[in-house]
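Number of protein chains: 2
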Amino acid sequence: MPRNSAAEARKTREAIVARATDVASVAGLEGVTIGRLASDLGMSKAGVIGQFGSKAELQMAALDAASQAFVEAVWTPAADKAPGLPRLLAIGDAWVDYVARPPYEGGCFWTAVSTEFDTRGGPVHEAVRERGQQWRKVLRREIASTIDAGDLPTDLDPDQALFEFESIPMGLNQSIQLYGDTRAPARARTALRRVLGVET
Amino acid sequence: MPRNSAAEARKTREAIVARATDVASVAGLEGVTIGRLASDLGMSKAGVIGQFGSKAELQMAALDAASQAFVEAVWTPAADKAPGLPRLLAIGDAWVDYVARPPYEGGCFWTAVSTEFDTRGGPVHEAVRERGQQWRKVLRREIASTIDAGDLPTDLDPDQALFEFESIPMGLNQSIQLYGDTRAPARARTALRRVLGVET
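Order-wise, the sequence lines are chains A and B.
Here the first sequence stands for residues 137 to 336, numbered as in this note's numbering.
Here the second sequence stands for residues 137 to 336, numbered as in this note's numbering.
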């Protein structure tokens, strides 16, 4: 009988992935090394690598975990709201909250990793791009349906609004993480409403 | 008499710094290693390190060069324009052009490096933060004086406008580098004008 049960193996795997997302938020996914995780978690390198097989698989597991955390923080609470403006503003405000109080040491995981991998090739770049595109598609659909519902100015271009909407969390992350600007979350909420042409 | 004249030494130094800014735009400043530069430039490691003394000094030299390139591309052409809206829009449009056709392999040097160092301590973080704050001060002054000149809506909050204005190049860089969106520069120009409350 193996010493670790399946439940214990799963717990170990989750702890490694949680540490990997934290490290990536500070040092990027390239900073997620087997040696660093083993040292941080008091494990052997063999114990870490045994869970994943390769660094690339570990990076992908960190991406999956961060995707799930983002969806749970930003999309899930909004999904219960009425479609249209209430849901769109719920998404925006949850996104601001998520960036203002990220569940990672180094601020927004996605800003760190998408900037790190934007101009590199390879499977991590592709995975980051694909997940970003999926989220953009959801967001564009919500913006377009809110315009169709008559909740937003009819001359609002959904692609233009999408571009501006998703720029704001990036500006917010920099204002908080680089400049320590505590007024930035309120500015980001105002900015989202200005982008949508909604009174603040 | 030393084999290299002062002019040759300066040229060598410039070539190393130019390569360092290119590498940093792709792989971050931590990716700028003496070994990588020596290999890329066909030099010995001693030849590279001899110009700078340490990796930290080389990183600072790359920051200085990138600062100067940004100022020359974005501020210098605008400085000749009439103060007020013409100058502010010239800054914005030059910034869009700079991000759309960055002089580096990996897109905007500043987006890469400020995201890389935002949550780390140390002299590189401080240098990035300080240069960012200097630029923000210039931009806020231009926005505030344009409001005072009556060229912008009088109820525009300069700090709010600054936050939104500087978010746009970040969104643009991601749209281009991660998603390859060729319509993003036009959207960024429209967004800048919307932020300022100027007709497009």
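Every residue, glycine too, gets a C-beta built ideally from N, C-alpha and C.
Next on the checklist: Please return the same chain residues whose Cβ sits closer than 7 Å to the Cβ of B/P289, not counting the five positions on each side in sequence.
Outcome noted: G333
Checklist entry - Hey, how far is the Cα of A/A230 from the Cα of A/H261? => result 26 Å
Checklist entry - Which residues, taken in chain order from the segment 209–229 of chain A, show a beta carbon closer than 8 Å to some beta carbon of chain B? => result none
Next on the checklist: Could you check whether B/Q296 and A/R323 sit closer than 8 Å to each other, using their CB atoms as the reference points?
Outcome noted: yes
Next on the checklist: Could you compute how far the alpha carbon of A/S311 sits from the alpha carbon of B/E278?
Outcome noted: 19 Å
Checklist entry - Looking only at C-alpha atoms, which of A/P239, A/D291 and A/S141 sits nearest to A/A156? => result A/P239
Item to check | Residue range of the alpha helix (DSSP H) that includes B/K273 | outcome: P259 to D284
Item to check | B/Y315 at chain A interface by Cβ criterion, 8 Å | outcome: yes
Next on the checklist: Just to confirm before moving on: does the CB-CB distance between B/A202 and B/W246 stay below 8 Å?
Outcome noted: yes
Next on the checklist: For a test of the three-state rule: what should DSSP assign to A/A218, helix, strand or coil?
Outcome noted: coil
Checklist entry - At least one CB of chain B closer than 8 Å to the CB of A/T326: is that the case? => result yes
Item to check | Listed by chain order, chain A residues near B/S203 by CB distance under 8 Å | outcome: Per Cβ cutoff of 8 Å: no residues; B/S203 is ~15 Å from chain A at best.
Item to check | First and last residue of the uninterrupted alpha helix (DSSP H) at A/W103 | outcome: Beyond the ends of chain A as shown, which are 137 and 336, falls residue 103 of chain A; an answer cannot be given.
Item to check | A/R256 at chain B interface by Cβ criterion, 8 Å | outcome: yes
Checklist entry - So, is the C-beta of A/G164 closer than 8 Å to a C-beta in chain B? => result yes
Next on the checklist: Using the Cβ count rule (16 or more neighbours within 10 Å means buried), how would you classify B/D190?
Outcome noted: Here residue 190 of chain B is Ser; the residue named in the question, Asp, does not match the sequence. It counts as exposed.
Item to check | Below-8 Å beta-carbon distance, B/G286 vs any chain A residue | outcome: no
Checklist entry - Given a threshold of 16 other Cβ atoms within 10 Å of its Cβ, counted over all protein chains shown, does A/R325 qualify as buried or as exposed? => result buried
Next on the checklist: For B/R265, would you say it is in contact with chain A, using Cβ-to-Cβ distances shorter than 8 Å as the test?
Outcome noted: yes
Next on the checklist: Could you give the first and the last residue of the continuous alpha helix (DSSP H) run that contains A/E144?
Outcome noted: A142 to A163
Checklist entry - Between B/D291 and A/R256, what straight-line distance do the alpha-carbon atoms span, to the nearest angstrom? => result 43 Å
Item to check | Cross-chain neighbours of B/A320 in chain D, by beta carbon under 9 Å | outcome: Absent from the structure: chain D. Protein chains present are A and B.
Checklist entry - I think A/E252 touches A/L165, with their Cβ atoms under 8 Å apart; what is that distance to the nearest whole Å? => result 6 Å
Next on the checklist: Going by DSSP in three states, B/Y234 sits in which element: helix, strand or coil?
Outcome noted: helix
Checklist entry - Can you name, in chain order, every residue of its own chain whose Cβ lies under 8 Å from the Cβ of B/I170, other than the five neighbours on each side? => result K181, V184, I185, K191 and L194
Checklist entry - A/P321: beta carbon under 7 Å from a heavy atom of the ligand GDP? => result Annotation note on the ligand GDP: not contained in the displayed structure, which lists no ligands.
Next on the checklist: Any beta carbon of chain B sitting closer than 8 Å to that of A/I283?
Outcome noted: no
Checklist entry - Applying a beta-carbon distance threshold of less than 7 Å, which residues of chain B neighbour A/A248? => result T251
Next on the checklist: Going by DSSP in three states, B/T169 sits in which element: helix, strand or coil?
Outcome noted: coil
Checklist entry - Just reading off the alpha helix (DSSP H) that A/P289 is part of, what are its end residues? => result First-last for A/P289: undefined, no H or E at that position.
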